[in-house]
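Data block below; observations after.
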Amino acid sequence: MWRSLLKQASNTHKSKFVPESCTSSLSSSSSTGFCRTSAFINKFRPSKAINHGFSGCPILGFRENYVFPSQKDCLGRFGFSHSGNPLFFSGKFWNFKGYASAAEAIVSNEDDLSGSEEINELVEAMIKEERKESFSKQPKIMVGGMGVAKYNTLKRRQIKIETEAWEEAAKEYQELIADMCEQKLAPNLPYVKSLFLGWFEPLRDSIAAEQEVCKGNFKISHAAYFNELSADMMAVVTMHKLMGLLMTNTAGTGGIRVVQAACQIGEAIENEARIQKFLEKTKKKSTTDKKSATESEPETTEQGKLAKNEEKLRKKVTQLMKKQKVHQVREIVKGRDTSKPWGQEAHVKVGCRLIQLLMENAYIQPPVDQIGDGPPDIRPAFVHALKNVIKDGNRGSRRYGVIECDPLVRKGLEKTAKHMVIPYMPMLVPPQNWTGYDQGAYLFLPSYVMRTHGAKQQRETVKRTPRKQLEPVFEALDTLGNTKWRINRRILGVVDRLWANGGRLADLVDREDVPLPEEPDTEDETEIRKWKWKVKAVKKENNERHSQRCDVELKLAVARKMKDEVGFYYPHNLDFRGRAYPMHPYLNHLGSDLCRGVLEFAEGRPLGKSGLRWLKIHLANLYAGGVDKLSYEGRVEFTESHLDDIFDSADRPLEGKRWWLSAEDPFQCLAACINLSEALRSCTPEATISHMPVHQDGSCNGLQHYAALGRDKLGAAAVNLVAGDKPADVYSGIAARVLDIMKRDAQEDPATNPNALHARLLINQVDRKLVKQTVMTSVYGVTYVGARDQIKRRLKERGAIADDTQLFVASCYAARTTLTALGEMFQAARSIMGWLGECAKVIASENQPVRWVTPLGLPVVQPYRQLGRHLIKTSLQMLTLQRETDKVMVKRQRTAFPPNFVHSLDGSHMMMTAVACKKAGLNFAGVHDSYWTHACDVDEMNRILREKFVELYEAPILENLLESFQKAFPSWNFPPLPERGDFDLREVLESPYFFN
Numbered sequence: 001m002w003r004s005l006l007k008q009a010s011n012t013h014k015s016k017f018v019p020e021s022c023t024s025s026l027s028s029s030s031s032t033g034f035c036r037t038s039a040f041i042n043k044f045r046p047s048k049a050i051n052h053g054f055s056g057c058p059i060l061g062f063r064e065n066y067v068f069p070s071q072k073d074c075l076g077r078f079g080f081s082h083s084g085n086p087l088f089f090s091g092k093f094w095n096f097k098g099y100a101s102a103a104e105a106i107v108s109n110e111d112d113l114s115g116s117e118e119i120n121e122l123v124e125a126m127i128k129e130e131r132k133e134s135f136s137k138q139p140k141i142m143v144g145g146m147g148v149a150k151y152n153t154l155k156r157r158q159i160k161i162e163t164e165a166w167e168e169a170a171k172e173y174q175e176l177i178a179d180m181c182e183q184k185l186a187p188n189l190p191y192v193k194s195l196f197l198g199w200f201e202p203l204r205d206s207i208a209a210e211q212e213v214c215k216g217n218f219k220i221s222h223a224a225y226f227n228e229l230s231a232d233m234m235a236v237v238t239m240h241k242l243m244g245l246l247m248t249n250t251a252g253t254g255g256i257r258v259v260q261a262a263c264q265i266g267e268a269i270e271n272e273a274r275i276q277k278f279l280e281k282t283k284k285k286s287t288t289d290k291k292s293a294t295e296s297e298p299e300t301t302e303q304g305k306l307a308k309n310e311e312k313l314r315k316k317v318t319q320l321m322k323k324q325k326v327h328q329v330r331e332i333v334k335g336r337d338t339s340k341p342w343g344q345e346a347h348v349k350v351g352c353r354l355i356q357l358l359m360e361n362a363y364i365q366p367p368v369d370q371i372g373d374g375p376p377d378i379r380p381a382f383v384h385a386l387k388n389v390i391k392d393g394n395r396g397s398r399r400y401g402v403i404e405c406d407p408l409v410r411k412g413l414e415k416t417a418k419h420m421v422i423p424y425m426p427m428l429v430p431p432q433n434w435t436g437y438d439q440g441a442y443l444f445l446p447s448y449v450m451r452t453h454g455a456k457q458q459r460e461t462v463k464r465t466p467r468k469q470l471e472p473v474f475e476a477l478d479t480l481g482n483t484k485w486r487i488n489r490r491i492l493g494v495v496d497r498l499w500a501n502g503g504r505l506a507d508l509v510d511r512e513d514v515p516l517p518e519e520p521d522t523e524d525e526t527e528i529r530k531w532k533w534k535v536k537a538v539k540k541e542n543n544e545r546h547s548q549r550c551d552v553e554l555k556l557a558v559a560r561k562m563k564d565e566v567g568f569y570y571p572h573n574l575d576f577r578g579r580a581y582p583m584h585p586y587l588n589h590l591g592s593d594l595c596r597g598v599l600e601f602a603e604g605r606p607l608g609k610s611g612l613r614w615l616k617i618h619l620a621n622l623y624a625g626g627v628d629k630l631s632y633e634g635r636v637e638f639t640e641s642h643l644d645d646i647f648d649s650a651d652r653p654l655e656g657k658r659w660w661l662s663a664e665d666p667f668q669c670l671a672a673c674i675n676l677s678e679a680l681r682s683c684t685p686e687a688t689i690s691h692m693p694v695h696q697d698g699s700c701n702g703l704q705h706y707a708a709l710g711r712d713k714l715g716a717a718a719v720n721l722v723a724g725d726k727p728a729d730v731y732s733g734i735a736a737r738v739l740d741i742m743k744r745d746a747q748e749d750p751a752t753n754p755n756a757l758h759a760r761l762l763i764n765q766v767d768r769k770l771v772k773q774t775v776m777t778s779v780y781g782v783t784y785v786g787a788r789d790q791i792k793r794r795l796k797e798r799g800a801i802a803d804d805t806q807l808f809v810a811s812c813y814a815a816r817t818t819l820t821a822l823g824e825m826f827q828a829a830r831s832i833m834g835w836l837g838e839c840a841k842v843i844a845s846e847n848q849p850v851r852w853v854t855p856l857g858l859p860v861v862q863p864y865r866q867l868g869r870h871l872i873k874t875s876l877q878m879l880t881l882q883r884e885t886d887k888v889m890v891k892r893q894r895t896a897f898p899p900n901f902v903h904s905l906d907g908s909h910m911m912m913t914a915v916a917c918k919k920a921g922l923n924f925a926g927v928h929d930s931y932w933t934h935a936c937d938v939d940e941m942n943r944i945l946r947e948k949f950v951e952l953y954e955a956p957i958l959e960n961l962l963e964s965f966q967k968a969f970p971s972w973n974f975p976p977l978p979e980r981g982d983f984d985l986r987e988v989l990e991s992p993y994f995f996n
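For the sequence shown, the UniProt record's numbering begins at 1 and goes up steadily by one.
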């Protein structure tokens, strides 16, 4: 009965008792006759202190919040306290009126006190319940935007992904082999996975045998490194790494250069060996082999100290690992790691031997359904061959060793991605903050803040730079890495359906090859030559398709692995110029429309009034086709006039009219259609939660930076640094100038002006698309030859000029005309580019690389040096490794400096904006000159990015650069700064289409 009544009282308000004004009530009880009356409820009011004369001890009422604290009296019975004063209740005191609690009221109405022990027990239960409630009301500790428990769970998974991926793959093969032996039949596996399984055991055994040979035999070139990792792990790394390289080979030829494959396999083996060593060092050594105190020899004081220090260190590492303090553990182990980096030479020696062992053990035969009546055709899966590779520009060729795979393996590669171990996956927890050159990002995988590609001087310069100087760069990279993403499952579902049906739509590559043309039944040499050219062209097309199919498979494999995650993160690092990139290579927001379509922010935010407008503008931008050149009002109007198409696309993307497929960015457009449809169909569109990133892109951003550097009014107006009713289109402006020049030339006499014929031939071909690539690359130092080739490709695509000679000559004329028009419109940009080039020439002529410091403090050293050749004898072939010499490439230093300098400025602008957006509470992602945030925050981001641009260029950038050159090389003469205009930078703040 006590339990029943007390439970009723407790459940009424979770152990809290409130005045009668509270709406909570108690259920009636037949055993006590209590009913729902104010008389009973009044007894639950806190009593005042009542002095009844018992040893002067007042009986205290409860605190205002009516919490039951847990205190025991000297007899072990529970009492209640008020403001720290104890009150000991025993049975004889319960007859007082002025009850302090439900328990007191209940006891006072009962003559039999035999249940007092049970009451005490129940009161204790009530106290525990009250404590749980008070604990649940405490603010939750958050780590990385999530609860501690969830963060720790995800962090454990992340550590496992980084440290056990290869090991897990090896275990899987071992288990499959064991099952196969036990059941005496082959498991039903996908074709390529069955190949891996068939290769694994013989390759592992061969590696183990090689390891035995290498023990103590240091005459073998790779012996010193071959026992650093277990044989099964080396087998898995070799198989997966080589297949991965064959998949990502952009040439699509089904082959990979030996030197490239050997370097990457050797490096992967070293990285995995270091991780395994690191993990072993964190485990406490077994004490079973220690001698007992009586048997052991008396140790010296020094030995004892060393042993104690080792024991302390092991305990510290164990505790840190339990607490998942990975960074501290890495620092301890790194400080005690006496092993030196292997170096490129060791990488290629180990890699070549592993490739050789794989070739000796990896065989292939057609799948069962392709085997005829004869014996199975068993042949090597990989072969080593020598090939002549033509250099760029057909200037001679070089002979390279390549590893080629069998056509069956090549075909299987397109379906291999889901079975591959993909390192550097997106992270499940926020990346570690950058604190140094190799400290940050992934928890265990080697992470470097800059991609130096072997440029020693750049690497050493960054390492020597004080941490305080690099803190703004580190903060920006941390900001980009902490943006949380997730997979848009609806878009992924559409992509999967299209891909399963053969691709071909929404810029997806065709999954079928082009059939080879039949050989003509003729002896005519001309016809045979034409057929051979057609076969060559078809093979090239099929190689490109194969490469693209592998790329799509890798992207989809990552998307499918991540689709069930609540969110994930992309750690970022820099190229040598200071531009930020995600470290994961396949599925990221810098990728294609497919990548961007299936990615969205993990955090959703209500659209709001401005967000709804920006979502409509964003959809129009993604549809493009000229719509993105309209005013904002025109873009909103375009979207609103196509609502039926938008709803149809969202509801029936593949069964309906498929309007979204006509967009320039179809998958992103479909995602916007779905989001906008949800909003417009909602009773409160502005309250609709949106996860979609909305982009704001610079208008020919390189020229924007040049216009700001030169304070060029004409250039500023052409690239939207000045406010206008609609966005200025620099490409259309250049095309119009080119057309004017050609119209003048076309009126000339061909006898006196040979350009007249070219102008008449091209006059109907001039549009923004013809000149766009040349204008875009002009700020990156495009040459006349580069411009000619770009325009030639555009003209060839149109099939406007059939004759190749005529096409070449016309392309030459169009390139010269386009560069002339550019020089006229962007005189300031041309003069600054020229000045930068001359400064670089002065420096490089003295055999020094051009170096500077970006506005955010990042030191940049141009890596262009002449390369020397270093021959290495491996078990597979003689390999030539390229190594930097002390001689700089003067021409390359000069031509590359202007674009590299501007890239360092646009990288600085993006990172400044990222940090400011974070401080303003915005989610931010950046793709060089394209800035992304939630629709509701676009207005705020637009304000920030304009302010940061003005802040960047209010500093005397060119003056500082010249001063740094003169300080570094005081005895050299540098050209004076170019003249600049009087454009007011503050106008950018009012320009709506600066980024749009």
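Glycine is no exception: its CB is placed at the ideal position from the N, C-alpha and C atoms.
Member of the options whose CA lies at the smallest distance from the CA of residue i
i              : options                        : result
leucine 516    : Lys532, Asn501, Leu505, Leu508 : Lys532
alanine 346    : Glu270, Lys772, Pro750         : Glu270
leucine 498    : Gly481, Ile528, Phe667         : Phe667
lysine 887     : Asn900, Met941, His909, Gln862 : Gln862
asparagine 542 : Pro407, Asn900, Val627         : Pro407
lysine 713     : Val636, Val785, Asp982         : Asp982
lysine 197     : Arg399, Tyr173, Asp205         : The question names lysine, but residue 197 is leucine in the sequence shown. That would be Tyr173, whose Cα lies nearest to the Cα of leucine 197.
leucine 858    : Thr465, Gln356, Ala441         : Thr465
8 Å Cβ shell around residue i - same chain, five flanking residues per side excluded
i              : result
asparagine 227 : Gln211, Cys214, Lys215
valine 915     : Pro472, Glu475, Ala476, Thr479
serine 690     : Gly604, Arg605, Pro606, Leu607, Gly611, Leu615, Asn675, Ala679, His934, Ala935, Cys936
Which of helix, strand or coil DSSP assigns to residue i
i              : result
glutamate 884  : strand
lysine 415     : coil
leucine 229    : coil
aspartate 628  : helix
glutamate 600  : strand
isoleucine 269 : helix
glutamine 696  : strand
serine 690     : strand
methionine 359 : helix
Range of the contiguous alpha helix (DSSP H) that encloses residue i
i              : result
glutamate 573  : Reading off the sequence shown, one finds asparagine at residue 573, where the question assumed glutamate. Segment 572 to 575 is the beta strand (DSSP E) holding asparagine 573; no alpha helix (DSSP H) there.
asparagine 433 : Run containing asparagine 433: none in the alpha helix (DSSP H); it sits in the beta strand (DSSP E), 432 to 436.
proline 859    : Careful: proline 859 lies outside any alpha helix (DSSP H), inside the beta strand (DSSP E) at 859 to 861.
arginine 788   : 784 to 798
threonine 526  : 525 to 562
histidine 758  : 755 to 762
tyrosine 731   : 730 to 746
Cβ neighbours of residue i in the same chain (closer than 7 Å, five flanking residues each side left out)
i           : result
glycine 698 : Gln704, Asp929, Phe995
leucine 871 : Met878, Thr880
Residue i: CB within 6 Å of a non-hydrogen atom of the ligand PLP
i           : result
leucine 757 : Ligands are entirely absent from the displayed structure, and the ligand PLP is therefore not among its contents.
Beta-carbon contacts of residue i that lie in its chain and below 6 Å, excluding the five residues immediately before and after
i              : result
alanine 717    : none
methionine 910 : Gly926
valine 730     : Cys700, Ala718, Val719
arginine 869   : Thr880
Presumed contact (8 Å Cβ cut-off) between residue i and residue j, rounded CB distance
i              : j              : result
histidine 695  : tryptophan 932 : 5 Å
residue 1002   : alanine 815    : Residue 1002 lies beyond the range of the chain shown here (1 to 996); nothing can be said about it.
isoleucine 617 : valine 636     : 6 Å
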